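Chemist: Per the numbering used here, the very first residue in the sequence shown carries number 515; after that it's consecutive.
Built from N, CA and C at the ideal position, the CB exists for glycine as well.
Every value quoted in this text rests on a predicted model; they were computed, and no experiment measured them.
Here it is: the structure, laid out below.
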Amino acid sequence: MHEKRWRDYEMTVNGLPQHIRYNADTVEHLFLPLLRRLTQMQRRAGRWVIAFLAAPPATGKSTLLQFMEQLAQERGDLPRVQALGMDGFHYPNSYLASHTILRDGMEIPLKNIKGAPETFDVALLAEKLKAAKAGVTTFPVYDRRIHDVVPDALIADAPILLVEGNWLLLDEEPWRDLRALADYRIRIDAPSALLKDRLIARKVQGGLSEAEARAFYEASDAPNVLRFAAHVGAADEIWRMEEDGDFVRV
């Protein structure tokens with residue numbers, strides 16, 4: 515069996531320094547070929563290109579796309595790439611606290627299911643994606659220091675825009691209309707057991723006890739993992755996350 519060649523990278527993700535590692539062969543034979551395909555699309559189209567990366571929680575999608583942004587910047591043969599997150603389109607906390615959803619006959623505050631598809635402003639996301647295809651526009655971001663959205667926090671102006679999020683390819687209304695706004699679509703699949711372990715570990719690292727982390731997973735993360743697996747639609751390219759955190763193309 516071919517031994518993997520892991521390489522370490524230093525990056526800033528969501529405003530915080532991060533030490534990450536990727537398989538060198540994956541960078542060379544999966545990440546870079548994707549960037550080259552998008553570059554060819556952009557040059558043929560003569561306009562900006564938008565690519566979606568849809569993946570379940572705990573697959574490291576925001577880190578991955580920021581790495582690709584950095585990777586493109588370091589090379590001289592690729593245009594500028596910009597990573598954008600769907601999390602900036604969460605409804606503000608004030609909205610989530612004052613609105614509810616009916617589930618299983620019970621009225622639940624949206625703040626209790628933050629991260630579920632119903633807690634995002636899909637109309638605003640569609641509006642911004644359309645504006646990005648037409649020219650320079652602003653994008654909101656999700657600030658993890660205040661755990662809320664900041665409107666118009668950055669300018670989307672790169673020839674290739676990589677947009678990541680859990681629900682970009684969700685085959686439900688009103689989400690399914692978004693896929694037509696992307697020029698290329700990538701989906702990451704992962705075993706549910708792997709995601710469970712990663713999500714619980716992430717909460718423990720954030721300060722919760724093991725019991726609290728497991729309870730949070732069952733109440734919040736597990737429904738999102740299952741919903742992604744059951745209702746996220748087709749993509750132009752599908753990757754699978756492996757147990758060691760590496761990615762392979764299916």
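What are the start and end residues of the beta strand (DSSP E) that includes M525?
Modeler: Along the sequence shown, read from residue 1 onward, the residue named residue 525 stands at position 11. Element bounds for M525: W520 to V527.
Chemist: Does V746 pass the burial test, meaning 16 or more other C-beta atoms within 10 Å, or should it be called exposed?
Modeler: Residue 746 sits at position 232 when you count from the first residue of the sequence shown. Result: buried.
Chemist: For M620, count neighbouring C-beta atoms within 10 Å of its own C-beta (all shown protein chains included) and say buried if the count is 16 or more, exposed if not.
Modeler: Locating residue 620 in the sequence shown gives position 106, counting from the first residue. Flag for M620 reads exposed.
Chemist: With the cut-off set at 9 Å, would you say F653 and F634 are in Cβ contact?
Modeler: Indexing the sequence shown from 1 puts residue 653 at position 139. Indexing the sequence shown from 1 puts residue 634 at position 120. For F653 and F634, no; Cβs fall outside 9 Å.
Chemist: Consider the C-beta atom of T651 and the heavy atoms of the ligand GDP; say whether any pair is separated by less than 8 Å.
Modeler: In the structure shown, the ligand GDP is absent, as is every other ligand, since no ligand is present at all.
Chemist: Could you check where the beta strand (DSSP E) with E751 kicks off and where it finishes?
Modeler: Taking the sequence shown and counting its residues from 1, one reaches residue 751 at position 237. Its beta strand (DSSP E) spans residues E751 to M755.
Chemist: Check whether the Cβ atoms of L695 and L643 lie closer than 9 Å to each other.
Modeler: The count along the sequence shown starts at 1 and reaches residue 695 at position 181. The count along the sequence shown starts at 1 and reaches residue 643 at position 129. Yes, the Cβ-Cβ distance between L695 and L643 is below 9 Å.
Chemist: Use the C-beta contact count for G721: other C-beta atoms within 10 angstroms, 16 or more gives buried, fewer gives exposed.
Modeler: Counting from one through the sequence shown, the residue named residue 721 turns up at place 207. By the neighbour-count rule (16 or more Cβ atoms within 10 Å), G721 is not buried but exposed.
Chemist: Using CA coordinates, which residue listed in T540, T573, A559 and M582 is at the minimum distance from E524?
Modeler: As a first step, residue 524 must be located in the sequence shown, where it is residue number 10. Of the listed residues, the one whose Cα sits closest to E524 is M582.
Chemist: Select from Q532, G679 and E542 the residue whose C-alpha is nearest the C-alpha of R519.
Modeler: Your numbering for residue 519 matches position 5 in the sequence shown. Among Q532, G679 and E542, the Cα nearest to that of R519 belongs to E542.
Chemist: Going by C-alpha distance, which of A749, L546, R659 and S706 is nearest A743?
Modeler: Translated into positions along the sequence shown, residue 743 becomes position 229. Checked all of A749, L546, R659 and S706; the closest Cα to A743 is S706.
Chemist: Quick one: residues in its chain with C-beta nearer than 6 Å to the C-beta of P623, no 5 flanking neighbours on either side, listed in chain order?
Modeler: Translated into the one-based positions of the sequence shown, residue 623 becomes position 109. Excluding sequence neighbours, P623 sits near T614.
Chemist: Find out if the Cβ-Cβ distance for the pair K575, I752 is shorter than 9 Å.
Modeler: As a working mapping, residue 575 is identified with position 61 in the sequence shown. As a working mapping, residue 752 is identified with position 238 in the sequence shown. No. Outside cutoff.
Chemist: Do V650 and A667 have their beta-carbon atoms positioned less than 9 Å apart in this structure?
Modeler: Within the sequence shown, numbered from 1, the residue matching residue 667 stands at position 153. Within the sequence shown, numbered from 1, the residue matching residue 650 stands at position 136. In this structure, V650 does not lie closer than 9 Å to A667 by Cβ.
Chemist: Give me, in chain order, the residues of the same chain whose beta-carbon lies closer than 7 Å to that of F730; leave out the 5 immediate sequence neighbours on both sides.
Modeler: Locating residue 730 in the sequence shown gives position 216, counting from the first residue. Cβ within range, chain order: K717 and L722.
Chemist: Roughly how many angstroms separate the alpha carbons of L549 and E756, rounded to a whole number?
Modeler: As a position in the sequence shown, residue 549 is number 35, starting the count at 1. As a position in the sequence shown, residue 756 is number 242, starting the count at 1. If I take the Cα positions, the gap works out to 21 Å.
Chemist: Is Q596 near D671, with beta carbons less than 9 Å apart?
Modeler: Along the sequence shown, read from residue 1 onward, the residue named residue 596 stands at position 82. Along the sequence shown, read from residue 1 onward, the residue named residue 671 stands at position 157. A contact, by the Cβ cut-off of 9 Å.
Chemist: For G590, does the count of other Cβ atoms within 10 angstroms reach 16, so buried, or fall short, so exposed?
Modeler: Locating residue 590 in the sequence shown gives position 76, counting from the first residue. The residue is exposed, with fewer than 16 neighbouring Cβ atoms inside 10 Å.
Chemist: Are the CB atoms of I627 and T577 nearer to each other than 9 Å?
Modeler: Here residue 627 refers to the residue found at position 113 of the sequence shown. Here residue 577 refers to the residue found at position 63 of the sequence shown. Cβ atoms of I627 and T577: not closer than 9 Å.
Chemist: Residue range of the alpha helix (DSSP H) that P631 falls in?
Modeler: One-based indexing of the sequence shown puts residue 631 at position 117. Premise fails: P631 is in no alpha helix (DSSP H) and is neither H nor E.
Chemist: Would you mind stating whether A704 and A569 have Cβ atoms separated by less than 9 Å?
Modeler: As a first step, residue 704 is located in the sequence shown; it is residue number 190 there, counting from the start. As a first step, residue 569 is located in the sequence shown; it is residue number 55 there, counting from the start. Yes, the Cβ-Cβ distance between A704 and A569 is below 9 Å.
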